[in-house]
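S.K.:
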Amino acid sequence: MSQHYQWTDGDLLLVCHLQPKASKSEFCGLHGDALKVRIQAPPVEGKANSELIKFLAKQFGVSKSAVSIISGELNRHKRVRITQPQKLPAEALITQP
């Protein structure tokens, strides 16, 4: 089983599975080998991606410019880089049993 996150040169790489149009933005466990993230915004015109970046920046204590989507811009399954995270929320870095 692969891990849904990894460290590279002080940056955190996350594999996320998005669920857009949720009642609130939150982490909600694992979805296979990815961290499931519920996002309030709908998946139209990049709104879900923008909300994901804003949510992750707040959770990891960085600016929005420190969060970038590496792959999966038009997909629910995304790879995200967080540059030099200042906070590490436990619910985002859970490990699989």
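To convert, note that position 62 of the sequence shown is 62 in the UniProt record's numbering; the numbers rise steadily by one, no gaps. Think of the CB as a built atom: it goes at the ideal place given N, C-alpha and C, for glycine as much as any other residue.
By the DSSP assignment, the beta strand (DSSP E) with S50 in it spans what residues?
M.R.: Here S50 belongs to no beta strand (DSSP E); instead the alpha helix (DSSP H) covers 47 to 60.
S.K.: Which residue or residues does DSSP assign as beta-bridge partners of D11?
M.R.: Answer is T8, bridged to D11.
S.K.: Among G29, K78, S23, whose alpha-carbon lies nearest the alpha-carbon of P89?
M.R.: Among G29, K78, S23, the Cα nearest to that of P89 belongs to G29.
S.K.: Helix or strand or just coil, what does DSSP make of A66?
M.R.: Reduced to three states, the DSSP call for A66 is helix.
S.K.: Thinking C-alpha only, which one of G32, P42, V80, S25 is nearest Q3?
M.R.: Ranking the options by Cα distance to Q3, first place goes to G32.
S.K.: Which of the three DSSP states, helix, strand or coil, is assigned to R81?
M.R.: Strand, per DSSP.
S.K.: Where does I70 land, buried or exposed, given buried means 16+ other C-beta within 10 angstroms?
M.R.: Result: exposed.
S.K.: Where do the N-terminal and C-terminal ends of the beta strand (DSSP E) with L30 fall, by residue?
M.R.: Here the beta strand (DSSP E) through L30 covers 26 to 31.
S.K.: By the DSSP assignment, the beta strand (DSSP E) with R76 in it spans what residues?
M.R.: Element bounds for R76: n/a, residue is neither H nor E.
S.K.: Quick check: A41 and K21, are their CB atoms within less than 9 angstroms of each other?
M.R.: Their beta carbons are under 9 angstroms apart, which means A41 touches K21 by this criterion.
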